Amino acid sequence: MKIYNSLSGSKEVFKPITQKKINMYVCGMTVYDDCHIGHARTFLTFDLFLRFFNFLGFEVNYVRNITDIEDKIIEKAKIEKVNYDDISLRFIESMHEDFKKLNLLSPNIEPKASEHIGEIVSMIENLESKHHAYSVEEGDVYFDINSYSDYGKLSKRNLEELDAGARVEVDKFKKSPNDFVLWKKTQTEPNWKSRWGRGRPGWHIECSAMSKKYLGNTFDIHGGGLDLKFPHHENEIAQSECCNEKGFANYWMHVAPLNVDGKKMSKSLDNFITIKKVLNEYHSEVLRVFFYLTHYRKPINFTKDSIIEAKNILDKIYESLRNFELIDIEIDENYKSKFEEALSDDFNTPKALKILQDLTQKINKADSAEKKYTFQTTLKSLANAIGLLSDTTESYFKYSGKEEISEEEIEALISKRNEARQNKDFEKADSIRDDLLSKDIILEDKNDKTFWKKR
RNA sequence: GGCUGAGUGGCAGAGUGGUCAUGCAGCGGACUGCAAAUCCGUCCACGCCGGUUCGAUUCCGACCUCAGCCUCCA
Numbered sequence: 006m007k008i009y010n011s012l013s014g015s016k017e018v019f020k021p022i023t024q025k026k027i028n029m030y031v032c033g034m035t036v037y038d039d040c041h042i043g044h045a046r047t048f049l050t051f052d053l054f055l056r057f058f059n060f061l062g063f064e065v066n067y068v069r070n071i072t073d074i075e076d077k078i079i080e081k082a083k084i085e086k087v088n089y090d091d092i093s094l095r096f097i098e099s100m101h102e103d104f105k106k107l108n109l110l111s112p113n114i115e116p117k118a119s120e121h122i123g124e125i126v127s128m129i130e131n132l133e134s135k136h137h138a139y140s141v142e143e144g145d146v147y148f149d150i151n152s153y154s155d156y157g158k159l160s161k162r163n164l165e166e167l168d169a170g171a172r173v174e175v176d177k178f179k180k181s182p183n184d185f186v187l188w189k190k191t192q193t194e195p196n197w198k199s200r201w202g203r204g205r206p207g208w209h210i211e212c213s214a215m216s217k218k219y220l221g222n223t224f225d226i227h228g229g230g231l232d233l234k235f236p237h238h239e240n241e242i243a244q245s246e247c248c249n250e251k252g253f254a255n256y257w258m259h260v261a262p263l264n265v266d267g268k269k270m271s272k273s274l275d276n277f278i279t280i281k282k283v284l285n286e287y288h289s290e291v292l293r294v295f296f297y298l299t300h301y302r303k304p305i306n307f308t309k310d311s312i313i314e315a316k317n318i319l320d321k322i323y324e325s326l327r328n329f330e331l332i333d334i335e336i337d338e339n340y341k342s343k344f345e346e347a348l349s350d351d352f353n354t355p356k357a358l359k360i361l362q363d364l365t366q367k368i369n370k371a372d373s374a375e376k377k378y379t380f381q382t383t384l385k386s387l388a389n390a391i392g393l394l395s396d397t398t399e400s401y402f403k404y405s406g407k408e409e410i411s412e413e414e415i416e417a418l419i420s421k422r423n424e425a426r427q428n429k430d431f432e433k434a435d436s437i438r439d440d441l442l443s444k445d446i447i448l449e450d451k452n453d454k455t456f457w458k459k460r
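Quick note on this note's numbering: the first sequence kicks off at 6 and runs consecutively.
See the structure below:
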């Protein structure tokens, strides 16, 4: 198994600390709004990692946190005149709903920042006692970046560069412009008692505290979106390594960003697409295929055409499993090993997908029932390993977030049409088919049966 | 300006020093009452300029372009 390690900037042979066990920490959501498809990419990618590690026989301890104390949450609460946890709880619920629909495997632990204030405070105290942190008159506590010589090793920058490029106005209390806040003094909710007065944690420290609690000082994999690499992950490394006096994560994995119509998603551009919106039109596995089509370290562009392409591909694959019933049969080892090989090379999903497409073609061209079953079973089993083909063909094709016409009505029209066909009244039969097509229902006559699917 | 990464056919996207990726879309054909699905066939390619080489999309160097980060961000 080879994975690309952001820390070294190269592909490395993956060696977990404990054989066959993996401790993995992923930076999760800051819950101040509905999840968008950029989030979907990141978490679907880590879900793939998790599934494939399981497939290879690793036991993964997966921690994905929830950041529920943060400026944007507090701001929103102020605007809506509600408690901050009304906001965070609302969006945690929304997130869980989305993630369930995306068929994401649950993390083993999903810790919340607000429930780890004790751990956070003691970590800051530890850093202060070792002179890696300092408090100022105002009551804020900062991390002293110059006390940690390895600063910048993940994002590959040094302090001089950072100082030169600093665009923000320097806080007058900071010793160095790149020092970042560990504890923010505040009287507004939420706040907690501490030796520096009432306040709340800064961003970054919660991940150091929670990963330490659940995974220990040093663990295998730490990841998140590429945009978290700097400063968030860089700062986590600084805090954790200074506090624990041990190496932090061995492998860092970052998922490249997603653009919409060639532009970064943002509310001002009005190209902000939520997971809910996409799932309203497409089966969640279409989104999965869409992501798998591009390697996770490459930027991806979300357009109407590209999601349709993903749907076309998945449609074909599902089509080849129509009427498939799982029977006890050996799977094709040759395809299995090719599939494993592709994903073992830093999760080359485009290649893995191609193997599934090859299998589909083999099924369609199989000249014996036995061969067909073998390929179908192989396809199903490999696809399942990466979270695909978990639905039946029938229900996949009938999936739709919105209902324009009921299944009963469709079935009724189909039998009406077949009656007309038997009477050779093709004009009537075609008009019924056109009518259904206008409602996005496609009919397929196969042998003596008629199937329907959503466009 | 700095750092990091990337440039392959309409789009997506593998891979390799010397035949071919592949998929989606398109086009032609088979099948079908007609379609759809499926199968068969088919078009289109490696940013630019040098160098190494018998030969480079693949190796080396310069250049150009793009993206992300440098401020909140998955």
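For each residue, glycine too, the CB sits at the ideal point set by N, CA and C.
Keep in mind the model is a prediction, meaning the values are calculated, not measured.
Arg-422 sits close to Arg-438, with the two beta carbons spaced by under 8 Å. In this chain, the alpha helix (DSSP H) harbouring Met-100 covers 89-106. Around the beta carbon of Gly-14, fewer than 16 other beta carbons lie within 10 angstroms, which makes this residue exposed. Inter-residue distance for Lys-77 and Lys-105 is about 25 Å (C-alpha atoms, whole angstroms).
Taken in chain order, the complete alpha helix (DSSP H) segments of 4 or more residues contained in the segment 351-408 are 354-370, 374-390 and 398-402. Comparing alpha-carbon positions, the option among Ser-127, Leu-55, Ser-160 and Ile-79 lying closest to Lys-26 turns out to be Leu-55. Between the alpha carbons of Lys-83 and Tyr-89 lies a gap of roughly 8 Å. Taking C-alpha positions only, Asp-39 is separated from Lys-179 by approximately 35 Å. Within the same chain, Leu-107, Ile-280 and Leu-292 come within 7 Å of Ala-45 by CB-CB distance, once the 5 residues on both sides are set aside.
Secondary structure within the segment 11-98: the alpha helix (DSSP H) runs of 4 or more consecutive residues, fully enclosed, are 42-60 and 76-85 (chain order). Given a length threshold of 3 residues, each whole run of the beta strand (DSSP E) inside the segment 265-313 is given here in chain order: 305-307. For the 8 Å CB-CB criterion, Leu-164 and Gly-392 do not form a contact. Looking at the DSSP output, Thr-455 bridges to Asp-450. Under the DSSP assignment, Val-260 falls in the beta strand (DSSP E) whose first and last residues are 254-260.
Secondary structure note for Ala-118: it is in no alpha helix (DSSP H), with a DSSP letter that is neither H nor E. Per DSSP, reduced to three states, the secondary structure at Ile-332 is coil, with no helix or strand assignment. Beyond the five residues adjoining it in sequence on each side, Gly-230 comes within less than 6 Å, by CB distance, of Thr-47 and Val-260 in the same chain, given in chain order.
Segment contact: the segment 110-120 against the segment 147-154, fewer than three CB-CB distances shorter than 8 Å; contact not assigned. For Thr-365 and Ile-318, the gap between their C-alpha atoms comes out near 10 Å. The three-state secondary structure of Ile-322, taken from DSSP, is helix. Apart from sequence neighbours up to five positions away, the residues of its chain that approach Glu-412 with a beta-carbon distance below 8 Å are Lys-403, ordered along the chain. Distance from the Cα of Lys-385 is smallest, within the candidate group Ser-420, Leu-331, Glu-424 and Glu-346, for Leu-331. For Ile-226, the enclosing beta strand (DSSP E) covers residues 224-230. DSSP places Phe-185 inside the beta strand (DSSP E), whose first and last residues are 185-190. In this structure, Asn-66 is the residue among Gln-244, Asn-66 and Glu-143 with its C-alpha nearest to the C-alpha of Ile-114.
If the five residues before and after Ser-245 are omitted, its C-beta is found closer than 6 Å to the C-beta atoms of Ser-213 and Phe-253, all from its own chain and listed in chain order. A distance below 8 Å separates the beta carbons of His-137 and Phe-148. In the DSSP annotation of this structure, the continuous segment of the alpha helix (DSSP H) that includes Ser-349 starts and ends at 338-349. Inter-residue distance for Asp-350 and Lys-7 is about 5 Å (C-alpha atoms, whole angstroms). Separation of the CB atoms of Asp-445 and Glu-414 is rounded to 13 Å, and the pair is thereby denied contact status at 8 Å. Within the same chain, Ile-318, Lys-321 and Ile-322 come within 8 Å of Gln-362 by CB-CB distance, once the 5 residues on both sides are set aside.
In this model, Phe-60 and Asn-264 are separated by some 31 Å (Cα to Cα). DSSP lists Trp-188 as the bridge partner or partners of Pro-206.
If you draw a straight line from the Cα of Thr-383 to the Cα of Tyr-256, it is about 32 Å long. Boundaries cannot be given for Phe-235, as no beta strand (DSSP E) includes it and DSSP labels it neither H nor E. One alpha carbon belongs to Cys-247, the other to Glu-211, and they sit about 15 Å apart.
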